[in-house]
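Student: Residue numbers (this note's numbering), protein chains in the order written: chain H, 1 to 253; chain Z, 1 to 263; chain D, 1 to 285.
Here it is, the structure in full.
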Amino acid sequence: MADTDTALRYASAALGYRGRAVLTDVDFALRGGRTLALVGPNGAGKSTLIKSVLGLAEVVGGAVTVLGRPVAQARGLAAYVPQVDSLDADFPVSAADVVLMGRYRRIGWWRPTGRADRQAALAALDRVGLADRARVRFGLLSGGQRQRVLVARAIAAESRLLLLDEPLNGVDATSQAAILRALGELTAAGAALLISTHDLGLAARIADQVCLLNGRQWAAGTPAEVLTGELLRRAYGGHAVDLPDGRTVLVEP
Amino acid sequence: MRWAIAEAVLAGALAGLIGVHVVLRRLSFFTMALTHATFPGVVAAAIIGVHIYLGGALAGVLVACGVAALSRRRGQDAAAATGVILSAGFALGVGLVATQNGFSRDLSSFLVGSILTVGPQDVTVTAVVLGVVAVVLAVGGRSFVFAGFDPTGARAAGYRLGLVDLTLLVTIELVIVTVVPAVGTILALALIVAPAAAARLWSDRLAVITALSVGFGVASGLAGLLLSGRYDIAAGAAITLVAAAILVLSLAATRIPRPAVAA
Amino acid sequence: MFEAPFMVRAFAELALLALICGPVSVFVFARRLSFVADALTHTVFPGVVIGFAAAGAEGIFGGALVAGVLTAVALTLLTRAGLLSDDAATAVVLTAMFSVGVALVSRRSSYTSDLTTFLFGRILTVTPRQLAETAVLAVVILALVAVGARAWIFRAFDPTGSAAAGFRTTWLDLWLNLVVALVVVAAVRAVGTVLVIALLVVPAAAARTVTDRLPAMAALGTVLTLLAGYAGLWVSWTASIDYGVRLTSATAVVLILVLAYAVLLPVGRLRAKTVGRAKTVGQAR
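And the structure:
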């Protein structure tokens with residue numbers, strides 16, 4: 001019973017590249033309708049973990065299951081929301097075109113997009129409040145709007161698992177609110193969200209589970225269990241850390 | 001002359017079609033290197049006695065795969081590797097030509113082509129390839145755009161990036177192998193890049209850009225031939241200069257009045 | 001082979017070019033100017049044609065220089081203004097200018113021998129005077145490089161930082177483009193475009209596979225070019241004298257240089273595996 005409901009499971013996994021592990025001891029289960037935040041300092045392995053779901057990082061040890069299947073057979077099942085800066089702003093694609101890309105997997109690469117797909121794309125744009133910008137070139141939108149379009153793309157993909165890489169980085173307040181609202185609607189409908197973030201306050205606010213990483217998994221559990229001063233100090237080493245209650249501390253090893 | 005006109009129209013359309021993707025994914029240098037790397041294959045085919053289109057195609061596929069492998073590297077290494085391939089291909093091709101007679105003629109033909117001497121066979125090949133490439137782009141164009149715009153996202157959506165990139169490469173190579181023997185490298189590069197770059201200035205929508213690019217390509221071919229006949233200048237040069245002129249005019253027309261146009 | 005004085009001169013010319021192109025190719029590598037360098041080998045052609053028409057053999061250098069400068073300026077401006085992508089702009093300038101040259105030349109009955117010389121140069125007929133001219137140019141170019149090196153490296157590594165520190169990036173880019181143009185102009189007459197583009201690209205690319213320190217790349221690049229120059233001359237000499245195969249020296253030198261690159265590639269990869277890091281040489285932008 002639990003397995004059909006588990007969107008993502010890591011069982012004592014070690015992840016890395018070219019046979020060498022850069023992130024070890026990853027162990028958690030993410031069920032539908034829940035949000036899991038990956039936190040940790042730069043270089044901790046957050047993007048490696050996300051890449052492992054996408055098949056861009058190797059599973060060197062242990063097992064990873066995505067939506068009930070071994071990760072090697074799960075290409076294209078999860079929807080991915082990258083950071084906007086990684087995209088070429090000059091491309092002649094409109095906001096609607098970008099959102100439509102989320103539908104390609106369902107349509108297959110050779111069939112033309114149909115009316116239903118275009119309507120789904122518009123509906124997704126509406127969910128993030130950008131239906132009126134559908135025809136605008138992606139590169140002409142503001143950073144926050146572009147991030148919203150990428151979230152809409154993930155919505156249009158109608159996947160049970162979404163992976164978000166620092167989705168609120170440098171995003172204006174209006175767009176943040178729109179994105180958080182859309183994410184809330186997604187979890188209410190049963191989708192599972194995996195969000196990597198350096199913002200511990202955000203993690204505390206929206207996540208059901210937190211996974212603390214730095215070279216290895218230091219802890220996984222509820223925000224209250226994981227985001228404690230003691231654990232954070234040990235995991236972060238000598239970095240500055242924003243604690244959920246609003247204080248910032250400089251942590252020394 | 002009839003055949004030259006037909007070839008100019010078809011080559012212009014073909015180059016315009018693939019040019020959109022070359023310009024979008026910033027593959028102009030790459031395309032130049034491909035023309036230089038295909039050159040030895042064509043020469044070797046001519047020396048051995050194999051049909052040049054066949055020899056060129058074979059060399060082309062080899063080259064495309066080799067270049068794809070070398071270009072998996074990042075930034076500086078990719079640019080340098082492309083440069084090495086260009087140098088090597090050119091030197092090899094030129095060296096092969098030098099061991100034969102009719103040396104200079106073949107070299108000129110490689111660089112500037114001889115569109116006025118194309119025959120029905122060349123035109124037929126170009127027409128067929130135009131059809132093939134049109135189909136490839138109609139079916140796969142979307143994949144090329146997605147993979148170019150957001151490689152990781154495309155990967156996440158299940159696309160095999162290696163395959164998509166290789167397909168694009170082979171398609172470009174197919175165009176090169178078809179067009180270069182007839183019109184030469186310089187003109188081939190000009191027809192592939194200039195009309196598409198001009199088209200990009202006029203619109204943000206891929207369908208419109210493609211249509212304009214084909215239109216500009218065909219117009220360059222026809223106008224170039226006309227000017228070449230009227231003023232007695234090399235046909236290839238005339239066509240290239242018309243294509244460049246269209247680009248310059250497009251730059252002037254779209255960028256300068258910008259302040260007057262509402263956002 | 002070196003009993004023949006023209007071979008000695010040919011090697012001397014190559015040695016001077018090796019000295020120039022070792023360092024310059026490093027900057028071509030770091031700033032990703034391979035396409036610009038290739039473009040320049042084509043865009044000097046109309047300059048050569050016009051110069052020759054205006055002032056005979058003496059006018060070639062001047063004509064090429066003007067064309068080279070024009071190209072450098074046009075490319076710098078076009079890419080700065082951001083109207084076209086770098087590579088589209090370069091492709092169009094390359095083809096347009098070359099076509100101007102072809103158009104001019106095509107009004108004459110036969111231009112194929114001009115083209116041949118342009119492609120291959122005449123390294124086996126380098127005169128002592130041309131050698132001296134190259135030596136002077138080598139001094140000038142190396143001086144320009146020495147003055148600009150630090151700024152170019154800073155700009156390559158950190159475009160915003162260097163701009164913030166007061167370096168005018170447009171002028172820096174123009175300066176480097178002009179230096180590359182000068183190298184092309186200086187070398188094209190002697191060794192032709194086939195060899196010039198290879199000398200500007202391959203040495204640094206080959207050196208990069210085994211080192212990531214810029215001075216080492218320049219030194220290794222020069223050494224490789226010297227070796228390839230010697231070997232290339234020897235191979236083409238032997239091929240033509242002993243086997244009757246017409247193999248031009250330019251072709252032989254280029255192919256040996258590329259061979260060096262191909263050999264060093266796996267060596268470098270092996271080394272990288274053991275060292276375990278991959279560094280980018282002065283971050284490219």
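Heads up, the beta-carbon is just placed ideally off N, CA and C, and yes, glycines get one too.
Note that the structure is a prediction, hence the values are computed from the model and not measured.
Hey, how far is the Cα of Leu33/D from the Cα of Ala39/D?
Tutor: If you take the alpha carbons of Leu33/D and Ala39/D, they lie about 10 angstroms apart.
Student: Closer than 8 angstroms by beta-carbon distance: list the chain Z residues that pair up with Tyr261/D, in chain order.
Tutor: Val84, listed in chain order.
Student: Can you check whether the C-beta of Ser87/Z is within less than 8 angstroms of a C-beta belonging to chain D?
Tutor: Judged by the 8 angstroms Cβ criterion, Ser87/Z is in contact with chain D.
Student: Spatial neighbours of Leu212/H within its chain, please: C-beta separation below 7 angstroms, excluding the five flanking residues on both sides.
Tutor: Cβ within range, chain order: Val39, Gly40, Trp218, Ala219, Val226, Leu231 and Ala235.
Student: Would DSSP call Asp232/Z helix, strand or coil?
Tutor: Looking at Asp232/Z - three-state DSSP - the assignment turns out to be coil, as it is neither helix nor strand.
Student: At 3 residues or longer, what runs of the beta strand (DSSP E) sit wholly inside the stretch 124 to 211 of chain H?
Tutor: Whole beta strand (DSSP E) segments, 3+ residues: 161 to 165 and 192 to 196.
Student: Restricting to Cα atoms, I'd like to know which of Pro151/Z, Leu163/Z and Leu241/Z is closest to Ala190/Z.
Tutor: The shortest C-alpha separation from Ala190/Z is found at Leu241/Z.
Student: So with CB distances below 7 angstroms, who are the chain Z contacts of Thr43/D?
Tutor: Result: empty, since nearest Cβ-Cβ is about 11 angstroms, beyond 7 angstroms.
Student: Would you check if there are 3 or more beta carbon pairs closer than 8 angstroms linking the stretch 205 to 221 of chain Z to the stretch 165 to 178 of chain Z?
Tutor: Counting Cβ pairs under 8 angstroms, fewer than three are found: no touch.
Student: Could you please give the first and the last residue of the uninterrupted alpha helix (DSSP H) stretch that includes Val191/D?
Tutor: Note, Val191/D: alpha helix (DSSP H), Thr169 to Arg208.
Student: At the 8 angstroms Cβ level, is Asp38/D part of the contact set with chain Z, yes or no?
Tutor: Yes - at least one Cβ of chain Z is within 8 angstroms of the one on Asp38/D.
Student: Spell out whether any CB of chain Z is found under 8 angstroms from the CB atom of Phe35/D.
Tutor: Yes - at least one Cβ of chain Z is within 8 angstroms of the one on Phe35/D.
Student: Would you kindly check if the distance between the Cβ of Ile256/D and the Cβ of Ala228/D is under 8 angstroms?
Tutor: Yes, they are a contact pair.
Student: Please go through the same chain and pick out, in chain order, the residues whose beta-carbon is closer than 8 angstroms to the beta-carbon of Thr41/D, but skip the five residues on each side of it.
Tutor: Once the five neighbours on either side are set aside, the close Cβ partners of Thr41/D are Val184, Val188, Thr193, Val196 and Ile197.
Student: Thr299/D CB to nearest chain Z CB: under 8 angstroms?
Tutor: The question about residue 299/D has no answer here: the residues shown for chain D are numbered 1 through 285.
Student: Could you give the first and the last residue of the continuous alpha helix (DSSP H) run that contains Asp286/D?
Tutor: Absent from the structure is residue 286/D, since the part of chain D shown begins at 1 and ends at 285.
Student: Less than 6 angstroms between C-beta atoms, sequence neighbours within five positions excluded: which residues of the same chain meet that for Gly144/H?
Tutor: So the qualifying residues of the chain are Val171, Asp172 and Ser175.
Student: In chain order, which continuous runs of the beta strand (DSSP E) of length 3 or greater are located wholly inside the stretch 71 to 108 of chain H?
Tutor: Runs of the beta strand (DSSP E) inside the stretch 71 to 108 of chain H: 79 to 81.
Student: With the cut-off set at 8 angstroms, would you say Arg148/H and Ile195/H are in Cβ contact?
Tutor: Going by C-beta atoms, Arg148/H is not nearer than 8 angstroms to Ile195/H.
Student: For Arg122/D, would you say it is in contact with chain Z, using Cβ-to-Cβ distances shorter than 8 angstroms as the test?
Tutor: With 8 angstroms as the cut-off, Arg122/D does not count as an interface residue toward chain Z.
Student: Could you give the DSSP three-state label for Arg31/H: helix, strand or coil?
Tutor: Residue state, collapsed to three classes: strand.
Student: What residue ranges within the stretch 85 to 169 of chain D form continuous alpha helix (DSSP H) runs of no fewer than 4 residues, ordered along the chain?
Tutor: Listed in chain order, they are 86 to 106, 112 to 120, 128 to 157 and 159 to 164.
Student: So, does the CB of Ala260/Z fall closer than 8 angstroms to a CB anywhere in chain D?
Tutor: With a pLDDT of 47 at Ala260/Z, under the threshold of 50, the modelled position of that residue is not reliable, and the figure given next carries that caveat. Chain D, which has no Cβ nearer than 8 angstroms to the Cβ of Ala260/Z, makes this no.
Student: Name the chain H residues whose beta carbon is nearer than 8 angstroms to that of Phe30/Z?
Tutor: Per Cβ cutoff of 8 angstroms: no residues; Phe30/Z is ~16 angstroms from chain H at best.
Student: Is the stretch 128 to 137 of chain Z in contact with the stretch 194 to 209 of chain Z, if contact means three or more CB pairs nearer than 8 angstroms?
Tutor: No, the stretch 128 to 137 of chain Z does not touch the stretch 194 to 209 of chain Z.
Student: Taking its Cβ as the centre, do 16 or more other Cβ atoms sit within 10 Å of Thr203/D, making it buried, or is it exposed?
Tutor: It is Pro, not Thr, that sits at residue 203/D in the sequence shown. Per the 10 Å Cβ criterion, buried.
Student: Ignore the nearest five residues each way along the sequence and tell me which others in Leu16/D's own chain have a CB closer than 7 angstroms to its CB.
Tutor: Closer than 7 angstroms at Cβ, skipping near neighbours: Thr134, Ala135 and Ala138.
Student: Any beta carbon from chain H within less than 8 angstroms of Val214/Z's own beta carbon?
Tutor: Not an interface residue.
Student: Go through the stretch 132 to 191 of chain Z residue by residue and report every complete run of the alpha helix (DSSP H) that reaches 4 residues or more, in order.
Tutor: Runs of the alpha helix (DSSP H) inside the stretch 132 to 191 of chain Z: 151 to 156.
Student: Classify Glu3/D as helix, strand or coil using the three-state DSSP reduction.
Tutor: If DSSP states are grouped into helix, strand and coil, Glu3/D belongs with coil.
Student: Does the stretch 80 to 93 of chain D come into contact with the stretch 22 to 37 of chain Z, if we say contact requires no fewer than three beta-carbon pairs (one atom in each stretch) closer than 8 angstroms?
Tutor: With the cut-off at 8 angstroms, the stretch 80 to 93 of chain D and the stretch 22 to 37 of chain Z touch.
Student: What separation, rounded to the nearest whole angstrom, lies between the Cα atoms of Pro195/Z and Leu247/Z?
Tutor: Spanning the two alpha carbons is a distance of roughly 7 angstroms.
Student: Let me see if you follow: with CB-CB separation under 8 angstroms, is Ser143/Z close to chain H or not?
Tutor: It does: the Cβ of Ser143/Z has a partner Cβ on chain H nearer than 8 angstroms.
Student: I'd like to check one pair, Cys21/D with Leu200/D: are the Cβ atoms closer than 8 angstroms?
Tutor: Contact flag set, yes.
Student: Should Val179/Z and Ala57/Z be called a contact, given that it needs their Cβ atoms to be closer than 8 angstroms?
Tutor: Not in contact: Val179/Z and Ala57/Z (Cβ atoms no closer than 8 angstroms).
Student: So, at 7 angstroms on beta carbons, what are the nonlocal neighbours of Leu67/H in its own chain, with the 5 sequence-adjacent residues on each side left out?
Tutor: Result list for Leu67/H: Ala7, Ala74, Leu77, Arg160 and Leu161, in chain order.
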